[in-house]
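Numbering (my numbering), first residue to last: 5 to 220.
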């Protein structure tokens, strides 16, 4: 069962179960009621609790159209019948939970894992082509930047980039690799980006137009 909060009260004489807006469960019980008895009641009421949780989630405000993005494709959220992984991608993005806060936690963790795997591979690819050398790669949760390059040659990338098409990821990767030799946005900088990624303007514009959609 998802998150359960036990509230004990000296004044209470009976057990009350409440389903909260986030689908978590609050159980109000007499102060001295044993834990095993609370567990027994929750087990007996499990079907009822799950039914009420589903109703509560259906009423809850949804993220914009309940759409999530991965590598530029749109997915709706689904709950798997027989989950093999916490998060799986097929016709939908399946998350093994009905609790909104857990869904956000699981999705964020999964996105970060995918970002590290994909972005590191793209950096290695373009660094190999261009001959650029860097010290390390960091996946960050920056609020206002898709990427950055430090004076110590650390390349930083926002994990939400993995929601964008691979062409957009490649543009940001080349942008930051160019900063290894050109620290500003001069004409020479953009020429360096162009040599690595001739279509950079198209995907730079795409990211400006659509980047606001990428959230969990």
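Even for Gly, the Cβ is constructed at its ideal location relative to N, Cα and C.
Check	Outcome
I need the straight-line Cα distance from residue 29 to residue 145, nearest angstrom please.	30 Å
Give a yes or no on whether the C-beta atoms belonging to residue 163 and residue 116 are separated by under 8 Å.	yes
Can you list, in chain order, the residues of its chain whose CB lies under 6 Å from that of residue 96, leaving out five sequence neighbours each side?	79, 80, 82
Which two residues bound the contiguous beta strand (DSSP E) that contains residue 81?	77-82
Taking all protein chains shown into account, decide if residue 173 is buried (16 or more other Cβ within 10 angstroms of its Cβ) or exposed.	buried
So, for residue 210: in the same chain, excluding its five sequence neighbours on each side, which residues have a beta-carbon less than 7 Å away from its beta-carbon?	172
If you measure between the beta carbons of residue 169 and residue 111, is that distance less than 8 Å?	no
Distance check for residue 218 and residue 132, CA to CA, integer angstroms please.	29 Å
Check the DSSP bridge columns for residue 161 and list the partner residues they point to.	143, 151
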